[in-house]
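Below is one structure, written out as structure tokens; the observations come after it.
Residue numbers (the numbering used here): 915 to 1030.
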């Protein structure tokens, strides 16, 4: 996940290439959640979740069939962040378990406060 700022370099990389954090025009990931196929990003504004999860940013990952909750913390002009699997197949949580595909592509918070 990138925090995009004016003057930063966020160009397309072929394959899975990744620039090192020490490049002058790269801020590095915030946070680095590894490989995957992000299909969307959403907030939980209006969700009937505990406060921690109402403030989270959610990233849908098609490749691993998971929904990632990112918890941002302001730090200077940018952020630091932690992340956790909010919803994930059992195979991602327990080695040896099957890894069924969840293949998330979109989400919204309904008027009832539920995530769909």
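Note that beta-carbon positions come from the ideal geometry of N, C-alpha and C, so glycine has one too.
The beta strand (DSSP E) spanning residue 983 covers which residue range?
980 to 989
If we ignore side chains and look at the alpha-carbon of each, how far apart do residue 969 and residue 915 end up?
17 Å
Just to confirm before moving on: does the CB-CB distance between residue 981 and residue 972 stay below 8 Å?
yes
So, residue 944 versus residue 993, is the Cβ gap smaller than 8 Å?
yes
Contacts around residue 1050, its chain only, beta-carbon distance under 6 Å, and the 5 residues preceding and following it disregarded:
With the chain covering only 915 through 1030, there is no way to say anything about residue 1050.
Roughly how many angstroms separate the alpha carbons of residue 1017 and residue 998, rounded to a whole number?
17 Å
Residues that DSSP places opposite residue 999 in a beta bridge
982
Based on Cα-Cα distance, which residue from 1000, 938 and 918 lies nearest to residue 967?
1000
Pull up the DSSP beta-bridge partners for residue 1024, would you.
Per DSSP, none; premise fails for residue 1024.
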